[in-house]
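Sequential numbering of the sequence shown, starting at 27, is according to our numbering. Just so it is clear, CB atoms sit at the ideal spot from N, CA and C, and this is done for glycine as well.
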Amino acid sequence: MSQDLKGETKGHIHLLSQVLREVVEIFTDLGFEIGEGPEVESEYYNFDALNVPKDHPARDMHDTFWIANPENGREILRTHISSLQVRFMEKNKPPFRMISPGRVYRYEATDATHEAQFTYVEGLMVDKNVSMAHLKGVLEEFLKRLFGKSNLVIRLRPSFFPFVEPAVEIDMSCFKCEGGGCGICKQTGWVEILGAGMVHPAVLNNGKIDPRVWKGFAFGGGIDRIAMLKYGVDDIRLFYGGDLRFIDQF
Numbered sequence: 027m028s029q030d031l032k033g034e035t036k037g038h039i040h041l042l043s044q045v046l047r048e049v050v051e052i053f054t055d056l057g058f059e060i061g062e063g064p065e066v067e068s069e070y071y072n073f074d075a076l077n078v079p080k081d082h083p084a085r086d087m088h089d090t091f092w093i094a095n096p097e098n099g100r101e102i103l104r105t106h107i108s109s110l111q112v113r114f115m116e117k118n119k120p121p122f123r124m125i126s127p128g129r130v131y132r133y134e135a136t137d138a139t140h141e142a143q144f145t146y147v148e149g150l151m152v153d154k155n156v157s158m159a160h161l162k163g164v165l166e167e168f169l170k171r172l173f174g175k176s177n178l179v180i181r182l183r184p185s186f187f188p189f190v191e192p193a194v195e196i197d198m199s200c201f202k203c204e205g206g207g208c209g210i211c212k213q214t215g216w217v218e219i220l221g222a223g224m225v226h227p228a229v230l231n232n233g234k235i236d237p238r239v240w241k242g243f244a245f246g247g248g249i250d251r252i253a254m255l256k257y258g259v260d261d262i263r264l265f266y267g268g269d270l271r272f273i274d275q276f
């Protein structure tokens, strides 16, 4: 039998974990299952299987944490959770919907918007008639629920990622000013939030899925960035600093 001490502050779930749980709950409600994969990843699954060229700058020592003296070939701390996509496709027959939340690592300087490790979520949907329209519909519904704005809309801007074609950046109408212009959206009315696109046929092939029969879309976004936007946090380092004055606000 325990008794609370007077003046004792009880612990609670960290803000990043709160946001991550909310994201997972929304996607599972939309029919997505949860996929898991290793944080120490092979070069093949992190780069080769995802159609990343041998000379791509992401493979450089100054962008990636390479493991010294790995037991099984060349290994790294995963730079994205896209590495799980081919692993998942190898073990699961389509159609399927999957999201994978977890930690990723980048060898970069720490500042207010960058960390060497951060929390991410990526998703994959494969079916026979999947299109960009499905991608837009799923992600718009997700963001409406996450930010509690039924009138929220998204726009797709052309981009480039080796593992999807076409590739897009997802902007959402600003949840604060609803498009009118404010400090959060830098007076543009739009906030960049996700990256996405149609899964490249080469990636489907590497996952033992016939791209002539099946299509898919993939997407990803930082939980840290989502939390910063939703709760008005202006420095990503606060999430990992252990300062109770910050943590106890949430």
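Counting only unbroken stretches of 3 or more residues, the beta strand (DSSP E) elements lying wholly within the stretch 239 to 266 are 241 to 248, in sequence order. Scanning the stretch 129 to 175 from its first residue to its last, the whole alpha helix (DSSP H) runs of 4-plus residues come out as 158 to 173. The C-alpha of R129 lies about 26 Å from the C-alpha of P121. If you draw a straight line from the Cα of V194 to the Cα of I273, it comes to about 34 Å. Just so you know, the alpha carbons of D250 and Y146 end up roughly 8 Å apart. By the C-beta criterion, the stretch 230 to 243 is judged to be in contact with the stretch 157 to 172, since at least 3 inter-stretch pairs fall below 8 Å.
For E51, the enclosing alpha helix (DSSP H) covers residues L41 to D55. Under the DSSP assignment, I219 falls in the beta strand (DSSP E) whose first and last residues are W216 to V225.
When secondary structure is reduced to three states using DSSP, S109 falls in the helix class. Take the alpha-carbon of G205 and the one of E65: they are about 38 Å apart.
The residue among F189, V190 and M198 with its C-alpha nearest the C-alpha of K175 is M198. The Cβ-Cβ distance between E69 and I39 does not fall below 8 Å.
Residue pairing from DSSP leaves V229 without any beta-bridge partner. Counted as a single uninterrupted DSSP element, the alpha helix (DSSP H) harbouring E69 occupies residues E69 to N72.
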